[in-house]
Each structure stands twice: as structure tokens, then as C-alpha cells.
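Worksheet: one structure, shown below.
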Amino acid sequence: MTYKNEQRLRELLSNVILEQGDSKKYEKKEIRLQKKMAKKQKKVDAVLNELELDHNWSWYEEIYHRNQGNMNGDALFYRGTHITYRELFKKADQFAATLSYIGLEKGDQVATCMTNMPEFVIALLGANKIGVVLNIFGADFAPDYIEDILNRCNNKLLIASDDRYHEIQNVVEKCDIGNKLVVSLTDSLPGGFDPFDELDEPFYKFANHAKKFAKNDPSVVLWDEFIKTGQEWMTSSNYRFEQPVADDVFAVTYSSGSTRIGRPKAIVHRNRGPIAMARFHDKDISGLPSTKNMHTLAMIPPHSYTQLTACISDTLSQQGTVLLEPIYHQDFFAYSLMINRPEFAPATRSFWVHTMKTFQEKFPNQDLSYVYIPAIIGEASSLNEEKLLNQKAKELKMGRKKIPLPMLVSSFSIGGGDCEHGGLFFTLYKSTFEKLCRDEESRGLVPFALAKCTVVNKKFEPCHSYELGRHMWTSVGDMIGYQDNKEATNAFFVQTPDGKTWGDAKVWGYYDKRGHIHMKGRMGDEFHLSGGIEIPTFLLADAVLLDIDNVLSCEVVNVKDLVNQTETPVVHFELQPDAKDSFDQIMNRMDARIQELFPEELASKVVYRQHTLEEEFPLTGCGKRNVPALEQEGVSDLCFIPESRKKSQKRIL
Numbered sequence: 047m048t049y050k051n052e053q054r055l056r057e058l059l060s061n062v063i064l065e066q067g068d069s070k071k072y073e074k075k076e077i078r079l080q081k082k083m084a085k086k087q088k089k090v091d092a093v094l095n096e097l098e099l100d101h102n103w104s105w106y107e108e109i110y111h112r113n114q115g116n117m118n119g120d121a122l123f124y125r126g127t128h129i130t131y132r133e134l135f136k137k138a139d140q141f142a143a144t145l146s147y148i149g150l151e152k153g154d155q156v157a158t159c160m161t162n163m164p165e166f167v168i169a170l171l172g173a174n175k176i177g178v179v180l181n182i183f184g185a186d187f188a189p190d191y192i193e194d195i196l197n198r199c200n201n202k203l204l205i206a207s208d209d210r211y212h213e214i215q216n217v218v219e220k221c222d223i224g225n226k227l228v229v230s231l232t233d234s235l236p237g238g239f240d241p242f243d244e245l246d247e248p249f250y251k252f253a254n255h256a257k258k259f260a261k262n263d264p265s266v267v268l269w270d271e272f273i274k275t276g277q278e279w280m281t282s283s284n285y286r287f288e289q290p291v292a293d294d295v296f297a298v299t300y301s302s303g304s305t306r307i308g309r310p311k312a313i314v315h316r317n318r319g320p321i322a323m324a325r326f327h328d329k330d331i332s333g334l335p336s337t338k339n340m341h342t343l344a345m346i347p348p349h350s351y352t353q354l355t356a357c358i359s360d361t362l363s364q365q366g367t368v369l370l371e372p373i374y375h376q377d378f379f380a381y382s383l384m385i386n387r388p389e390f391a392p393a394t395r396s397f398w399v400h401t402m403k404t405f406q407e408k409f410p411n412q413d414l415s416y417v418y419i420p421a422i423i424g425e426a427s428s429l430n431e432e433k434l435l436n437q438k439a440k441e442l443k444m445g446r447k448k449i450p451l452p453m454l455v456s457s458f459s460i461g462g463g464d465c466e467h468g469g470l471f472f473t474l475y476k477s478t479f480e481k482l483c484r485d486e487e488s489r490g491l492v493p494f495a496l497a498k499c500t501v502v503n504k505k506f507e508p509c510h511s512y513e514l515g516r517h518m519w520t521s522v523g524d525m526i527g528y529q530d531n532k533e534a535t536n537a538f539f540v541q542t543p544d545g546k547t548w549g550d551a552k553v554w555g556y557y558d559k560r561g562h563i564h565m566k567g568r569m570g571d572e573f574h575l576s577g578g579i580e581i582p583t584f585l586l587a588d589a590v591l592l593d594i595d596n597v598l599s600c601e602v603v604n605v606k607d608l609v610n611q612t613e614t615p616v617v618h619f620e621l622q623p624d625a626k627d628s629f630d631q632i633m634n635r636m637d638a639r640i641q642e643l644f645p646e647e648l649a650s651k652v653v654y655r656q657h658t659l660e661e662e663f664p665l666t667g668c669g670k671r672n673v674p675a676l677e678q679e680g681v682s683d684l685c686f687i688p689e690s691r692k693k694s695q696k697r698i699l
């Protein structure tokens, strides 16, 4: 059977090779889109005007005003400890006062390297109250890059959790920093002890290391001492600060680092982003079911803006509870779900796929009935992965505590966006019921009200239907820019001939016949063929993924030999756990499809590399698939070509 997905792939390939699109379809599409957008835009404009008039304040003020009637509700949960909104704001106010006491003021940046813990949320709120900006970086960044960050920030204070301080201590000691606030992961544990130590210990042993650091270094300050200073300073007549507004800086976070391992770009955000995101997630604007009082798992590294917006800010804005998870490891994700019992559980594709493959074998007597919004963030899942995820979701009774019937077929990839555009647009890529529909093409992106998308050609003009182009979008949550990197900022913001400014996501995309946008793989890894033809790697991956019943995952990399000036396509794949056909049948069919669909000068070079449960795809520090690692592996001894092609080549010889 030829599915719509294969027809789509053939049309995309035809347009890439022949460089032609269907302008008539595009004209019809443009008319339909204009009508849809005109209706939406009136409501969007009204909300933006409301934000300008009534919400021109700090993020702290936004969260505070939204919870004035909810002060006794749980804001944070951490390994058995419940912290109410009243306690959260009280401690944030004390933290803000201490920052003021040591001489920090609006606009100052404070280097921050922390794990997901209550003190991180308190610090984020407290700093934002007086306009101090947390520059939140990862301990796994390159040492000289961390030193750069420390030297760019105000030297009056460094904030670190004790597990992270241990990793960056050697770099910190090279810098002149007045106060080092080191917070122990045990500070907010019940009685200072971990109630889940048997589960946690193989991954992290909770102990108070901060006291040891303070004993050996007089510039190290402990949490209770730091907060107490603010408590006293709050009553002083000298305690004053300049009130931040919506366009002031909210935080500095970092990109995922999937293209610049160890040196992710620093992204500067304004308060307006999370404030607008909170308003557009309200039920009266979003048109979605209310997320009020939702329990959200927060385990993504804090230097990711998605963590700050989707997991922390959005949850607090809806009077929900943030379930703080300090351990970030693919093998720990299942334990984290059982410890925290989240309703909304965002994680990377790799975390979800690995967990669903292994959960029942590890925990035969457990289910996931409390999770009713499982979400993949950071990268989209394939139709093939969605098949496995939905199958396991049904078996694990996912959502049954919230909804009376088993979960229907749904997409785990319900969110999209990136740090530069304001984090997670909760419904940007939503296509419920469509991911698993084989004889219909997925409907692509359904942009959230505050976001606009486009796909343009090399001249930055709108593409025709099924013409591959550059996918760009914009929203009120767009970043200010990359810190100290004017060149990258200027390259990111692109102006099209119609005078509109967009953020360049540097990914491929296309319009379908309905005018919906489909986002595809990253740009910059194309195969270069004769006649100036460029074929993106994702097209090869899409061809492999047409075998839904047998192939689970696929990533194609372009291995370049700069000396010999050659490019070799390496197809990395993993089979479905319940693949229906034999390995030889799968491989011969996979290779035959590639040989048929793609030009010979590319298809004849394709080699394959299998991954398994025992040797899955490598991950970056943020848990996404590590494409640079696959490129670095190159054409290894693990690569092969199918027997059918070997025999064919022998016959030709």
C-alpha cells in the first residue's frame, strides 16, 4: 500500500531535484490562511494590548498577582517536602533583600549553576523582583567557557548547588568572586534526609556537601545564613530597589548545545515572554482545557528556557505545583515518574522512548495512570516512535486517574518552539489522532495564537506547496538576542521582502496543500550532488521511517571527508521491539526504497548502522539525540550494506 506519507516524500524529492513547486496550490493556500489568521489576530491584538496596559511589570509580580487567592496551595514539591505559595513568596522576598544588601541592583547578572531544587525557584523569583538577572549555566559546559561566563557576570555573587559546585570549583577558584552561595540538595529535604535514598543512590547520594565547602573557604555562604541577612535588611529604611517592567531582562539561559557541544549560545530573555505565555495559556484565550492546579514534572536542566517557561512559570501561573526533580538521567526517568507522580510530564524523545521500552520489564506491578499529558520536548518524535509510545501508554493505563476511558491515540509531540522564541508553545505542533493515521498526511503545525510561522525560499519569499524551504517564526516571547554575540543575533532575526521580521530557526519546512506547515530537520547537513542539487539528510530518514511496523527510529548523518572531498550518508536506525519481519527482509526493503527514490550518486554510497536497546543513540547533556557524536563516529566497523546490494554489485562486476 502506498501511503500519503510516501506520496509526500516523492513530491518533496521531486521539488528538490527539479526545483519546482505548485504555485496554484500556494495561491489557494494563501487565501485560506489569510482568512484564518484575520479571525485570530483580533483576539491576539486585544490580549497584547491588555498585557501592555495591565501587566507591565516583572515576572515576579505576574506570578504573585495570579496566586493572591491561592497562597495556601502547594507551589513546589521536592522529595516529600511541600512548599506553599505563601512560603515561596516569603523566601523570595528575603532572597531579594539579601541581593540588595550586598549591592546588587537592576540589570546586574549573577552567575547561577544549580540543580532543580526549591532554592532555584526562590532565587529566580527573588532576583526578578528587584531586576537582578540570573545567568543560568550548566556544569557540563567547557571549563574555559564557564570561566568566560563568570567573568562577564557581577563578581559580588555566585549561586551554585553543592552537586554542581563540586564540578565547577576549579574554574571558580580562578575568578575573583566575593560571595559564593552554595546550596545543598539536602537543605529542603524532610529533616535533611532523602526519603527515596534506595532509588536515588545509584544515581546520586544526597549529603550536605555545602558545609564542607564553607569550612574550607570563608567566601562560601550557606543558604540559611544568606536568607537571614535579607530577613533583617527588609525592615531597614535603606532597602530600596527600582521596579522592573515587562521589557526588562528576565534571565539568561543557554541553547541545547546540540550543535556547539560544551559552548551553547547565551540567550537573553525579557519579562514579557513568560508573562505573555502565561496569559495565552489561560483557558479563555487558548481554547484548551484548563491546566489550573496541574502537577508538572520539572527535571529538564535549569539552563534551558523550556524548563523556566513550560515547567516552572506556566505551572505557577496556573496555580499548579512544580515537582522538582534534581536527578537528570535517562535511566532515572521512570523512577522520577513514580516518585513525583506528575500529571504533565515533559521530557525528551529519547527519555520517553527508552522508558516506555523498559518500564514493564523493570516495574511489572506499576502503571502510569496519573500521567495524562505525556509530552516530548526539544525534538519531535517520528510516527514510528509515536506508535510504540501509544501502544505502551495504553498498556500502562496512562491517564486513567484523570479520565475514565483509556487514552485515545494521541501525539506525545504536542509542544514545540525553542528557547529563542520563548520556550514551549504548548499546541504549536499539536496534531491529535493524526500521527498514527497511515493513509492520511499529518496536518502539520497548528500555530499557537501568539506565534506566527512561515516557510521561505532562498530569496526569503514564501514557498509553494511541497517546496522545501527555511522555516521561520516569531512571537511576543522572542528573545532580545544572543548575549555578547551581535553577529549571531543579526543572523537570527531575518527581514522578508514584505518588511516582516522573523526568527530563523535554521530548520527545513514546507507547506502542504492545506496551507499547514511541516517542520523537518536542521539545515546545514545537506548532501551536495552534481548540478547543484542539495538533499537534506531528513529526506533519507523519512524514506527509512516509511516502514512503520519494523523501524522505530532513524537518524541520517553526512560524514564528510575533507581530504578526499567526499560525503557518505550513514543511516543510523533502531528496529521496533516487536518488528514483524526478519532483519534481512527489513534491510533489503529499506535499501531498495532508497535506491529507487534517490539519485544513484547518493543512494549508491548509503551505509547502515544499527542501534539496539543495549546500544541506543548517544545523547547530549540535555537529553537530546547527539548528532555531532554520530557524525564523529563516521563510517565505523559497525556500518554495513545489505546483502541484496552486495549481490547486485557482484552481478554488475
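Residue numbers (this note's numbering): 47 to 699.
The beta carbon of each residue, even a glycine, is placed where N, CA and C say it ideally should be.
All values reported here derive from a predicted model rather than from experimental measurement.
(message) Between the alpha carbons of SER60 and GLY523, how many angstroms are there, rounded?
(response) Taking the sequence shown and counting its residues from 1, the one referred to as residue 60 is at position 14. Taking the sequence shown and counting its residues from 1, the one referred to as residue 523 is at position 477. One C-alpha to the other measures close to 37 Å.
(request) Take the Cβ of ASP702 as the centre, count every other Cβ of all protein chains shown within 10 Å, and call the residue buried at 16 or more, exposed below. (result) No answer is possible for residue 702: the residues shown for the chain start at 47 and end at 699.
(request) State the start and end residues of the unbroken alpha helix (DSSP H) segment that holds THR542. (result) The residue given as residue 542 occupies position 496 in the sequence shown. Premise fails: THR542 is in no alpha helix (DSSP H) and is neither H nor E.
(message) Considering just the uninterrupted stretch of the beta strand (DSSP E) at VAL705, what are its terminal residues?
(response) Not covered by the structure: residue 705. The range shown for the chain is 47 to 699.
(message) For a test of the three-state rule: what should DSSP assign to PRO320, helix, strand or coil?
(response) Within the sequence shown, numbered from 1, the residue matching residue 320 stands at position 274. DSSP, read as helix, strand or coil, puts PRO320 in helix.
(message) Are the CB atoms of ASN436 and LEU598 within a distance shorter than 8 Å?
(response) Against the sequence shown, residue 598 aligns to sequence position 552. Against the sequence shown, residue 436 aligns to sequence position 390. Cβ atoms of LEU598 and ASN436: not closer than 8 Å.
(message) Can you list, in chain order, the residues of its chain with a C-beta nearer than 8 Å to that of GLU441? Leave out the 5 residues immediately preceding and following it.
(response) Position 395 of the sequence shown, counted from the first residue, corresponds to residue 441. Result list for GLU441: GLN406, in chain order.
(message) My output table needs one value for GLU22: the three-state DSSP class, helix, strand or coil.
(response) This structure leaves residue 22 out entirely; the chain is present only between 47 and 699.
(request) Using a threshold of 8 Å, state whether the C-beta atoms of PHE259 and VAL228 are closer than that. (result) Translated into the one-based positions of the sequence shown, residue 259 becomes position 213. Translated into the one-based positions of the sequence shown, residue 228 becomes position 182. In this structure, VAL228 lies closer than 8 Å to PHE259 by Cβ.
(request) Please check the pair VAL603 and LEU676, which I expect to be a contact at CB under 8 Å, by giving their CB distance rounded to whole angstroms. (result) As a working mapping, residue 603 is identified with position 557 in the sequence shown. As a working mapping, residue 676 is identified with position 630 in the sequence shown. That pair is a contact at about 5 Å.
(message) So, for THR337: in the same chain, excluding its five sequence neighbours on each side, which residues have a beta-carbon less than 6 Å away from its beta-carbon?
(response) Walking along the sequence shown from the start, residue 337 turns up at place 291. The beta carbon of THR337 lies closer than 6 Å to those of GLN364 in the same chain, with the five residues before and after it left out.
(request) Taking only the alpha-carbon atoms, compute the straight-line gap between GLU480 and LEU434 and give it to the nearest angstrom. (result) Numbered from its first residue, the sequence shown carries residue 480 at position 434. Numbered from its first residue, the sequence shown carries residue 434 at position 388. Legend: pLDDT at GLU480 = 39, less than 50; position of this residue unreliable, value from coordinates given subsequently. Their Cα atoms are separated by approximately 15 Å.
(message) Just to confirm before moving on: does the CB-CB distance between ASP360 and HIS327 stay below 8 Å?
(response) Within the sequence shown, the letter at position 314 stands for residue 360. Within the sequence shown, the letter at position 281 stands for residue 327. Yes, they are a contact pair.
(request) Find the nearest neighbour of TYR110 within the set LEU134, PHE123, GLU96, judged by alpha-carbon distance. (result) Residue mapping note: residue 110 aligns to position 64 of the sequence shown, counting from 1. Nearest of LEU134, PHE123, GLU96 to TYR110, Cα basis: LEU134.
(request) Given a cut-off of 8 Å, decide if ILE214 and ALA169 are closer than it, judged by their beta-carbon atoms. (result) Here residue 169 refers to the residue found at position 123 of the sequence shown. Here residue 214 refers to the residue found at position 168 of the sequence shown. In this structure, ILE214 does not lie closer than 8 Å to ALA169 by Cβ.
(message) Closest to TYR300 by C-alpha separation, out of MET384, ASN113, LEU354, ASP413, would be which residue?
(response) As a working mapping, residue 300 is identified with position 254 in the sequence shown. Comparing Cα-Cα distances from TYR300 to each of MET384, ASN113, LEU354, ASP413, the minimum goes to LEU354.
(message) Taking only three categories from DSSP, how would you classify CYS600?
(response) In the sequence shown, counting from the first residue as 1, residue 600 sits at position 554. Reduced to three states, the DSSP call for CYS600 is strand.
(request) Out of SER682, ASP637, GLU620, VAL673, state which residue places its alpha-carbon closest to the alpha-carbon of GLU42. (result) Any property of residue 42 remains undetermined from this structure, which presents the chain solely from 47 to 699.
(request) State buried or exposed for GLU646, treating a residue as buried only when at least 16 other CB atoms are found within 10 Å of its CB. (result) If you number the sequence shown from 1, residue 646 lands on position 600. GLU646 comes out exposed.
(message) Between which residues of its own chain and VAL267 is the CB-CB distance below 6 Å, once the five residues before and five after are set aside?
(response) Here residue 267 is taken as the residue at index 221 of the sequence shown, counted from 1. So the list reads ASN225, LEU227, once near-sequence residues are dropped.
(request) Going by DSSP, name the residue or residues bridged to CYS159. (result) On the sequence shown, residue 159 is found 113 positions in, with the first residue counted as 1. BP columns for CYS159 point to ALA206.
(request) Please determine, among THR144, LYS274, ILE423, the residue with the shortest C-alpha to C-alpha distance to PRO347. (result) One-based indexing of the sequence shown puts residue 347 at position 301. Closest by alpha carbon: ILE423.
(message) Distance check for GLY527 and VAL706, CA to CA, integer angstroms please.
(response) As displayed, the chain neither begins before 47 nor continues past 699, which places residue 706 out of reach and without an answer.
(request) For my contact list, SER350 and CYS465 are in at a C-beta cut-off of 8 Å; report their separation, rounded to the angstrom. (result) Here residue 350 refers to the residue found at position 304 of the sequence shown. Here residue 465 refers to the residue found at position 419 of the sequence shown. Right, the Cβ-Cβ distance comes to about 7 Å (below 8 Å), so this counts as a contact.
(request) Work out the CA separation of SER576 and VAL652 for me, nearest whole Å. (result) Counted from its first residue, the sequence shown places residue 652 at position 606. Counted from its first residue, the sequence shown places residue 576 at position 530. Going from the Cα of VAL652 to the Cα of SER576 covers about 17 Å.
(message) What does the alpha-carbon distance come out to for the pair TYR106 and ILE632?
(response) On the sequence shown, residue 106 is found 60 positions in, with the first residue counted as 1. On the sequence shown, residue 632 is found 586 positions in, with the first residue counted as 1. Their backbone Cα atoms lie some 55 Å apart in a straight line.
(request) List the whole-angstrom C-beta distance separating ALA421 from PHE458, where the pair is believed to meet the contact cut-off of C-beta under 8 Å. (result) As a first step, residue 421 is located in the sequence shown; it is residue number 375 there, counting from the start. As a first step, residue 458 is located in the sequence shown; it is residue number 412 there, counting from the start. The pair is a contact, with the Cβ atoms about 6 Å apart (cut-off 8 Å).
(request) Leaving out five residues on either side along the sequence, give the residues of the same chain with a beta carbon under 6 Å from the beta carbon of PRO372. (result) To locate residue 372, count along the sequence shown from 1; it is residue 326. Cβ within range, chain order: THR161, ASN162, MET163, LEU231.
(request) Measure the Cβ-Cβ separation of ILE701 and LEU648 and say whether it is below 8 Å. (result) For the chain, the structure presents residues 47 to 699; residue 701 sits outside this window and is missing.
(message) Check for me: the alpha helix (DSSP H) holding VAL22 runs from which residue to which?
(response) Since the first and last residues shown for the chain are 47 and 699, residue 22 lies out of range.
(request) Could you tell me the boundaries of the beta strand (DSSP E) in which THR144 lies? (result) In the sequence shown, the residue the question calls residue 144 occupies position 98. Premise fails: THR144 lies in the alpha helix (DSSP H), 131-147, not in any beta strand (DSSP E).
(message) Let's see if you can read the secondary structure: which residues bound the beta strand (DSSP E) around LYS226?
(response) Numbered from 1 along the sequence shown, position 180 holds the residue referred to as residue 226. Where LYS226 is concerned, the enclosing beta strand (DSSP E) stretches over 225-229.
(message) To the nearest angstrom, how far is the alpha carbon of HIS128 from that of ASN262?
(response) Locating residue 128 in the sequence shown gives position 82, where the first residue counts as 1. Locating residue 262 in the sequence shown gives position 216, where the first residue counts as 1. C-alpha separation (whole angstroms): 32 Å.
(message) At the level of alpha carbons, what is the spacing between GLN412 and MET384?
(response) Translated into the one-based positions of the sequence shown, residue 412 becomes position 366. Translated into the one-based positions of the sequence shown, residue 384 becomes position 338. The straight-line gap from Cα to Cα measures roughly 9 Å.
(message) Measuring only the C-alpha atoms, how far is ASP91 from ILE331?
(response) By one-based count along the sequence shown, residue 91 stands at place 45. By one-based count along the sequence shown, residue 331 stands at place 285. One C-alpha to the other measures close to 12 Å.
(request) Run the CB neighbour count on THR449, radius 10 Å, all protein chains shown included, and call it buried at 16 or more, exposed below. (result) Looking up residue 449 in the sequence shown gives position 403. As written in the sequence, residue 449 is Ile, which differs from the Thr given in the question. The residue in question, ILE449, is exposed, as its Cβ has fewer than 16 Cβ neighbours within 10 Å.
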